[in-house]
Ligand code: MTE
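Residue numbers (this note's numbering): 64 to 390.
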């Protein structure tokens, strides 16, 4: 990411809070009976400006959806306000305060084009798609390459369900995904012509059909807000956040590794795999530690390999490829 590196990110070891300490604090909170309030936040808290744009969304009555308790995280949830007001969505500007500007995005009608190496190319409206999948809620960690992290309850469906609907041919090895990029009035960031629009990301077929790859349509028990990627975004929590492409309008099955938005911009800084790895520094800053939205940037905790999801995804990568960032 073309960002200004803050020196505070490279803190001395003494300033880092180990995750065990953090988690123990949480246990204390739990013992005091405050934790249920945190859990309940998932369905009741969203209110006010940050979520105003979802009023009247056709599929809003589908939420909240049942939580899949298999996907929980031993960390406090990020508050809805933090998760919906501190965002990366470069189509609306290259800073974090894009939540208001993002309300211009028209999210209906919203047709998703499925093409490339599939039995038959087709287009499907988001509300029709939502009728054909099983929705669930999963609490996931999210780790931005910039070293901030959050923990949020996404609603959505396993990406595998979308792959099955698409009926890919056996030659398909990758899925290329694109964000809408139609109007500079709607998305003022598109005027920054040095960026290689449209935003593009990709996964291997094995990654896309892994149980963790999740298509997001909701957040905190409501339709996902525009600033977080309405009406359809990806969540691949073992990878840096830039892989989790927002407001998807096209998925193309292909036998060629797609070049991603960030690779086109700075190939030496952003890899295709982009797996979270504390041992592999970004060329301009360390990835050894991270801070959670809502905490002080100086309150660091260690970064975890694959963002803590090694059990589910490590087998996807060749042995010894712990540096699996730049592939
Ligand atoms: N998708 C698009 N289309 N445009 C973007 O700028 N930013 C990425 C990812 N998806 C981005 C995107 C980055 S860098 C991150 S960290 C996450 O979105 C941020 O998601 P959030 O704002 O919901 O926290």
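All C-beta atoms in this analysis are idealised placements derived from N, C-alpha and C, irrespective of residue type, glycine included.
If we cut at 8 angstroms on Cβ distances, does residue 217 have a partner in chain B?
In the structure shown, chain B does not exist; there is a single protein chain.
Report the three-state DSSP secondary structure of residue 218 (helix, strand or coil).
strand
Under a three-way DSSP split, which group does residue 360 fall into?
coil
If I measure Cβ to Cβ from residue 252 and keep anything under 7 angstroms in the same chain, skipping five residues before and after, which residues do I get?
153, 154, 155, 156 and 157
If the criterion is Cβ atoms closer than 8 angstroms, does the pair residue 329 and residue 274 meet it?
no
What span of residues does the beta strand (DSSP E) with residue 194 cover, start to end?
Element bounds for residue 194: not the beta strand (DSSP E) but the alpha helix (DSSP H), 189 to 194.
Looking at residue 126 and ligand 1, is the gap between the Cβ and the nearest heavy atom below 7 angstroms?
For ligand 1, not one heavy atom lies less than 7 angstroms from the Cβ of residue 126.
8 angstroms Cβ cutoff met for residue 265 and residue 240
yes
Quick one: does the C-beta of residue 242 sit closer than 7 angstroms to a heavy atom of ligand 1?
yes
For residue 310, does the count of other Cβ atoms within 10 angstroms reach 16, so buried, or fall short, so exposed?
buried
Neighbour-count burial assignment, residue 132, 16 or more Cβ in a 10 Å radius
exposed
Sorted by chain position, which residues of the same chain lie with C-beta nearer than 6 angstroms to residue 72's C-beta, five sequence neighbours on each side aside?
In this prediction, residue 72 has a pLDDT of 28, which is less than 50 and means its spatial position is unreliable; what the coordinates show is noted afterwards. Listed in chain order, the non-local C-beta contacts of residue 72 below 6 angstroms within the same chain comprise 210 and 348, local neighbours out to five positions each way being set aside.
Using 8 angstroms as the Cβ pair cut-off and three pairs as the minimum, do the region 314 to 321 and the region 340 to 360 touch?
no
Bridge partners - residue 338, DSSP secondary structure assignment
Within the DSSP secondary-structure output, residue 338 pairs in a beta bridge with 302.
On the CB-based measure, 16 or more other CB atoms within 10 Å of its CB, does residue 100 come out buried or exposed?
Caution applies to residue 100, whose pLDDT of 37 falls short of 50 and renders its modelled position unreliable; the value that the coordinates give is listed next. Label assigned to residue 100: exposed.
Have a look at residue 84 and residue 180 and give me their C-alpha separation to the nearest angstrom.
In this prediction, residue 84 has a pLDDT of 35, which is less than 50 and means its spatial position is unreliable; nothing more can be read from the coordinates.
Return yes when the C-beta of residue 292 is under 7 angstroms from any heavy atom of ligand 1, and no when it is not.
yes
Could you tell me how far apart the beta carbons of residue 237 and residue 320 are, in whole angstroms, since I believe they sit closer than 8 angstroms?
Confirmed, about 6 angstroms.
Within 10 Å of its beta-carbon, does residue 197 have 16 or more other beta-carbons around it, so buried, or fewer, so exposed?
exposed
What are the boundary residues of the alpha helix (DSSP H) that residue 324 is part of?
Counting along the chain, the alpha helix (DSSP H) containing residue 324 begins and ends at 324 to 328.
Please work out which residues of its chain come closer than 6 angstroms, Cβ to Cβ, to residue 243, disregarding the five sequence neighbours upstream and downstream, and give them in chain order.
310 and 312
Do residue 356 and residue 278 have their C-beta atoms closer together than 8 angstroms?
no
Residue 207 to residue 125, Cα distance in whole Å?
29 angstroms
Residue 229 classed as buried or exposed, judged by whether at least 16 other C-beta atoms fall within 10 angstroms
Buried, because 16 or more other Cβ atoms sit within 10 Å of the Cβ of residue 229.
Where the alpha helix (DSSP H) containing residue 269 begins and where it ends
268 to 271
Exposure of residue 291, with buried meaning 16 or more beta-carbon neighbours within 10 Å
buried
Check this for me: beta carbons of residue 286 and residue 162, under 8 angstroms apart or not?
no
Give the DSSP-derived three-state secondary structure of residue 137 in the structure shown.
coil
Quick check on the DSSP output: the alpha helix (DSSP H) that includes residue 376 runs from which residue to which?
373 to 376
Are the CB atoms of residue 140 and residue 214 nearer to each other than 8 angstroms?
yes
If you draw a straight line from the C-alpha of residue 174 to the C-alpha of residue 186, how long is it?
One Cα belongs to residue 174, the other to residue 186, and the distance between them is close to 6 angstroms.
Beta-carbon within less than 7 angstroms of residue 164's beta-carbon, same chain only, minus the 5 sequence neighbours each way: which residues are those?
155, 156 and 251
Helix or strand or just coil, what does DSSP make of residue 354?
Assignment of residue 354 by DSSP, reduced to helix, strand and coil, places it in the strand class.
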